[in-house]
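Here's the structure, in structure tokens; my notes come after.
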Amino acid sequence: NARGVDLNKNFNYNYIAKYGGKRGSEGYTGESVNSEPETKAIVAFLDKMKSSGTLKGLINYHATGSILFGDAKGSVKPVVTKMYELAKKITGYEHSKKKNIGNLREYAMYKKNIPCITLEIGKNACPLSAGEFYSIWKKNKVLVLKEAKLFTK
């Protein structure tokens, strides 16, 4: 964000204050958990949607890596596994086992009990080139709708 915080790493799950160096550094988590207005807005939105009963699952899109985060444990594992397998089948993205600090996916799954996968869609570093758009769109255009159908049965 404009304050130099990696918003994906500002959530209350395995959060480590100021991890990643200083403001503007890649992966910088911020001064404290949920310190950023954007993080607070997402947390409030998830709470509202979860309490209304309309939020069944979450797809978290990122821009670099052409990889998929879909491992899970506990009560969300069966649904996350289905979401992951469908996303892998549609996109062809490979699984990533990178450790995540303070990130939205784990926060949603383990603090809010919301099944969630993360897709890193681009091949090159951010910002992605316009030339990548078509191939990304082709792989992802139906994904969200097909994932939603997992929750209508």
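Terminal number for the sequence shown in my numbering: 837, no gaps in between.
All C-beta atoms, glycine included, are put in the ideal place defined by N, C-alpha and C.
#1: Would you tell me roughly how many angstroms separate the C-alpha atoms of Ser-735 and Ile-801, rounded to the nearest one?
#2: Could you check whether Asn-696 and Thr-775 sit closer than 8 Å to each other, using their CB atoms as the reference points?
#3: With a 10 Å radius around its C-beta and 16 neighbouring C-beta atoms as the bar for buried, classify Asp-731 as buried or exposed.
#4: Enumerated in chain order, which unbroken segments of the alpha helix (DSSP H) with a length of 4 residues or greater are wholly contained in the region 711-793?
#5: If you reduce the DSSP assignment to three classes, tell me which class Leu-812 lands in.
#6: When the distance is taken between beta carbons, is Ala-814 closer than 8 Å to Leu-742?
#7: Would you kindly work out how many angstroms separate the C-alpha atoms of Arg-687 and Lys-830, rounded to a whole number?
#8: Alpha carbons only, please: which of Gly-737, Asn-698, Ile-700, Leu-788 is nearest the one belonging to Gly-754?
#9: Among residues of its own chain, excluding the 5 on either side of Val-727, which ones have a beta-carbon nearer than 7 Å to its beta-carbon?
#10: What do you get for Ser-819, buried or exposed, if any count of 16 or more other CB atoms within 10 angstroms of its CB means buried?
Based on what the coordinates show:
#1: Computed Cα separation, rounded: 20 Å.
#2: It is not a contact, given that the beta carbons lie outside the stated cut-off.
#3: Answer is exposed; the Cβ neighbour count stays below 16.
#4: Runs found: 721-736, 761-775.
#5: Here Leu-812 carries a coil assignment [DSSP, helix/strand/coil].
#6: Result no, Cβ atoms of Leu-742 and Ala-814 do not sit closer than 8 Å.
#7: So the alpha carbons of these two residues sit roughly 36 Å apart.
#8: Of Gly-737, Asn-698, Ile-700, Leu-788, the residue nearest in Cα terms is Leu-788.
#9: In its chain, beyond the 5 residues on either side, Asn-718 have a beta carbon closer than 7 Å to the beta carbon of Val-727.
#10: Exposed, since its Cβ has fewer than 16 Cβ neighbours within 10 Å.
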